[in-house]
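Peer 1: One structure follows; several queries about it will come next.
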Amino acid sequence: MLRVKGLSKTYSKGDIEIPALRDITFEVDEGQFVSIVGRSGSGKSTLLNLIGGLDTPSSGHILFREADLAAMKRAELAGHRRRSVGMLFQSFNLIGHRTAIENVILALTFGRFPRGERKQRAAALLEEVGLADRMNHKPAELSGGEAQRVAIARALANEPDLLLLDEPTGNLDSGTADEIMRIVCDLNRERGLTVLLVTHEEGVARTVSDSMIRLLDGRIVERSGGGASQ
Amino acid sequence: MTSPDMIKLGLENLLRTRLRTVLTVLGVVVGIGALTSMVSFGTGMQKNITEAFRDSDLFTSLFVTAADVEEINDPDDIADLMRKPLTPLTDSTVIAIRGIPGVDMAFPEISFPVRLEMDGHETRTTLRGLPASMGRYRPFKDLEYGEYFAGDGDRAAVIRMETLEDMGLSVVDPGAEAQAAPEDSASHMELVEPGSVIGGTVSVVTAVMDLSGSPMSALARLMPGGGAFREAAGEFKITGILKQSTNFHGQGFHGGIFVPIEAADSIPRLGFSSVWDLLGEGGGEGMYSSIYVRVKDMTDMESVRAVLVDDMGLSVLSISDQLSEIRRGFIIVDSVLAAIGTVALFVAALGIVNTMVMSILERTREIGIMKAIGASDAEIRTIFFAEAATIGAVGAVFGLILGWLVTRVANMVVNIRFMPPGEDPVNLFYFPLWLILGAVGFSIVVSLLAGLYPAGRAARVDPVKALRHD
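One line per chain: the protein sequences are A and B, in this order. So in this note's numbering, spot 169 of the first sequence is number 169, and the numbers just go up one at a time. So in this note's numbering, spot 409 of the second sequence is number 1409, and the numbers just go up one at a time.
Structure follows, in structure tokens:
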């Protein structure tokens, strides 16, 4: 489903070039749960942003269902973000002045979902993540766990093939974090949704994922479990 | 994402920052208000003048004279003129003109000086002969009192109000005599009711040559002492009184008294109107200094003029010539007024740029989130354009209302302060449909131009950086 080949990303700061990722190569199969672990600054989030189509690589290829993201134009990358991937972030990234249901509707709007069916679908998604009675609350009125569940509903809105999670439990207490990870695992097992999790919590990664990739200073230093092969 | 979705998102964003939006829209309101009130003043002036011309029916009138020597600048043209026989204006010319397609009527100018006598009052004025058919048109269809004459040979007359005043007669409405202004008695005007003038008889006195037994040539008769003058008088029944002439009404029909054209022609008088009469170039026909031609419709003007000038070698003067000059002048005036108003709108446009740039800075993270969930650059740009266009459209609507209110107040002040009592109120400002639609369109275009930079900047926001933005 996903093949990353010789991927590098370098940031420039004046004359200084800072390599964030160097020659990353791995594959993720359909329905797999792959974790990327590593210390802060190891390039995990950069890798996720590149796969999510939020950023473009300096060199190498990201083949998603054989379409190379590195060769895509900005509008095509927007299409990839809209249709193929759903993203979760540590800071939830909900729009503060919109209610839970409006945040989900916004994703459906950009996803060209039929206007008359958006509200119904958004409500169904929020019900699915256990927020039937909180859908008209704004993010500030929700707990961290509730906010992240809204973000999950939003990520699932346009029925993506790949779920990209960037430290989704980083801002949550352990109980809530377990709850969120349980939802994600259910999505992977029951729906067969492919998941790519970035986390610095190795214990969590080992528990939930089929395979694990360890990054250090922008390089893959360890692969474990099945899949996520070179 | 459909266009209504993007417009909805834009509107939601504007409503979220109400105060800032209201202040920005207010800038556009003032700009459009200034622009439309300025331009409406220009269009109002143009409308008033054009309508005054139109009311006088002069858009359908042509004044035909013999070849125009004043327009000749080149010596070769003078030589041409000398070689070409000039077309004299005769009865045959009038008949030929009547045959041109599009011509409603054509009649020669028959006018000469007369002395009018009526019940011991007298004055000197010009008598003008007109066909009875002119009664269909201004200013004769709308007389102050009485009626226009019915037949071309009637011994009837329509007299101008000013001519009666020159005779020392002041026409007042029945019953109004008692409340007559003191100036009238002070200036020794005799107050008369219209009923006592209409139906009355006016004696038209002309000077004629006493040619009894004189064999002199026509030219010799002009010489001092070459002949003796005597007076001839004819009686005409007054059928109507023509209202006071305004600036435009009745232009082209100078004269203090109007009588049917055939009756006018039969009045004994010094029987020449141009040097052609004296030189006998008319082949015995009556010679005229000019011919009045009326076309059926304004659109016939050009074709009739072409026949008169190109085919018949005549010279034509019409008010539409002057009107096109006036219109050119109005374009300049309108442009200057519009330019002044546009300055205000330009300032408002800077306000829009400022508001939207501020909005982008505040919403950078939101833009990043929208991009993360699938918004394209074009969609982000369109959302901001929708906001700019909404500011422009709402500003234009309220700006038009403001402009209209300002012009109403200004108009009221002018009418109360400067218009003499009894005069019809003037309308100095005019909002034609093109101005209303144009103002809305212009405002939206200016707002979109103002939104060009902010919308482009929003579209270029890097989602990765934006998601890290606080």
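Where is the CB? At the ideal position from N, CA and C, for every residue including glycine.
Consider the Cβ of Glu1366 of chain B: report whether some Cβ of chain A lies at a distance smaller than 7 Å.
Peer 2: yes
Peer 1: Jot down the residue ranges of each uninterrupted alpha helix (DSSP H) in the region 1345-1410 of chain B, minimum 4 residues, whole runs only, in chain order.
Peer 2: 1364-1372
Peer 1: Take Glu146 of chain A as the anchor and find which of A:Thr99, A:Leu196, A:Val204 and A:Phe113 has the nearest alpha-carbon.
Peer 2: Comparing alpha-carbon positions, the option among A:Thr99, A:Leu196, A:Val204 and A:Phe113 lying closest to Glu146 of chain A turns out to be A:Thr99.
Peer 1: Taking Ala1344 of chain B as the reference, which of B:Glu1165, B:Leu1308, B:Thr1364 and B:Gly1399 has the closest Cα?
Peer 2: B:Gly1399
Peer 1: Do Gly192 of chain A and Gly86 of chain A count as a contact pair if the criterion is CB distance below 7 Å?
Peer 2: no
Peer 1: Please list, in chain order, the chain B residues whose beta carbon lies closer than 9 Å to that of Ala78 of chain A.
Peer 2: Lys1371, Gly1374, Ala1375, Ser1376, Asp1377, Ala1378 and Glu1379
Peer 1: Would you check if there are 3 or more beta carbon pairs closer than 8 Å linking the region 167-178 of chain A to the region 111-127 of chain A?
Peer 2: Segment contact: the region 167-178 of chain A against the region 111-127 of chain A, fewer than three CB-CB distances shorter than 8 Å; contact not assigned.
Peer 1: Distance check for Ala107 of chain A and Ile1391 of chain B, CA to CA, integer angstroms please.
Peer 2: 26 Å
Peer 1: So, are the CB atoms of Ile1380 of chain B and Ala1439 of chain B less than 7 Å apart?
Peer 2: Against a cut-off of 7 Å, the Cβ pair of Ala1439 of chain B and Ile1380 of chain B comes out as no contact.
Peer 1: Would you say Met1502 of chain B reaches chain A, if we count a Cβ-Cβ gap shorter than 7 Å as a contact?
Peer 2: Past the edges of chain B, shown from 1001 to 1470, lies residue 1502 of chain B, and the structure says nothing about it.
Peer 1: Determine the direct distance from the alpha carbon of Glu1109 of chain B to that of Ala1096 of chain B, and round the result to whole angstroms.
Peer 2: Roughly 16 Å between the two C-alpha positions.
Peer 1: Exposed or buried, which one is Val1316 of chain B when buried takes at least 16 other CB atoms within 10 Å?
Peer 2: Classification for Val1316 of chain B: buried.
Peer 1: Residues of chain A with a CB under 9 Å from the CB of Arg1016 of chain B: which are they?
Peer 2: His97
Peer 1: Who are the near neighbours of Ile105 of chain A in its chain, counting only those whose CB is closer than 7 Å to its CB and skipping five residues on each side?
Peer 2: Cβ neighbours of Ile105 of chain A beyond the five flanking positions: Arg118, Lys119 and Ala122.
Peer 1: Does Asn136 of chain A pass the burial test, meaning 16 or more other C-beta atoms within 10 Å, or should it be called exposed?
Peer 2: exposed
Peer 1: Taking any Cβ of chain B, which residues in the region 48-62 of chain A have a Cβ under 7 Å from it, in chain order?
Peer 2: Asn49, Leu54 and Asp55
Peer 1: Quick one: list the residues of chain A neighbouring Pro1463 of chain B, beta-carbon separation under 7 Å, in chain order.
Peer 2: Leu54
Peer 1: Going along the chain, which residues of its own chain have a beta-carbon closer than 7 Å to the beta-carbon of Ser143 of chain A, five neighbours each way excluded?
Peer 2: Counting only Cβ-Cβ distances below 7 Å, and skipping sequence neighbours, we find nothing.
Peer 1: Suppose you measure from the CA of Asp1005 of chain B to the CA of Asn49 of chain A; what does that come to, to the nearest Å?
Peer 2: CA-to-CA, the gap between Asp1005 of chain B and Asn49 of chain A works out to about 27 Å.
Peer 1: Tell me whether Asp1152 of chain B sits in a helix, a strand or coil according to DSSP, three-state version.
Peer 2: coil
Peer 1: Going by CA-CA distance only, name the one from A:Glu66, A:Phe89 and A:Arg39 that's closest to Asp29 of chain A.
Peer 2: For the residues A:Glu66, A:Phe89 and A:Arg39, the minimum Cα distance to Asp29 of chain A belongs to A:Glu66.
Peer 1: Buried or exposed for Ile16 of chain A, going by 16 or more other Cβ atoms inside 10 Å?
Peer 2: exposed
Peer 1: What are the residues that DSSP puts in a beta bridge with Lys44 of chain A?
Peer 2: Paired residues: none, contrary to the question.
Peer 1: Under 6 Å from any heavy atom of the ligand COA, does the C-beta of Thr1382 of chain B make it?
Peer 2: Looking for the ligand COA in the displayed structure turns up nothing, as the structure carries no ligands at all.
Peer 1: Checking contacts by CB at 7 Å: is Asp1005 of chain B closer than that to chain A?
Peer 2: Against chain A, the CB of Asp1005 of chain B has a partner CB under 7 Å away; the residue lies at that interface.
Peer 1: Compare the Cα-Cα distances from Val1029 of chain B to each of B:Gly1403, B:Met1045 and B:Leu1143 and report the closest residue.
Peer 2: Relative to the Cα of Val1029 of chain B, the nearest Cα in the group B:Gly1403, B:Met1045 and B:Leu1143 belongs to B:Gly1403.
Peer 1: Please determine if the region 1034-1052 of chain B and the region 1113-1124 of chain B are in contact, where contact requires at least 3 C-beta pairs separated by less than 8 Å.
Peer 2: Judged by pairs of C-beta atoms under 8 Å, the region 1034-1052 of chain B does not touch the region 1113-1124 of chain B, as fewer than three such pairs exist.
Peer 1: Helix, strand or coil for Glu1147 of chain B? Go by DSSP, reduced to three states.
Peer 2: coil
Peer 1: Do Phe110 of chain A and Ile1373 of chain B have their beta-carbon atoms positioned less than 7 Å apart in this structure?
Peer 2: yes
Peer 1: Check whether the Cβ of Met72 of chain A lies closer than 7 Å to any Cβ atom in chain B.
Peer 2: no
Peer 1: Do you know how far the Cα of Gly1168 of chain B is from the Cα of Leu1191 of chain B?
Peer 2: 9 Å
Peer 1: Which of the three DSSP states is assigned to Thr56 of chain A in this structure?
Peer 2: coil
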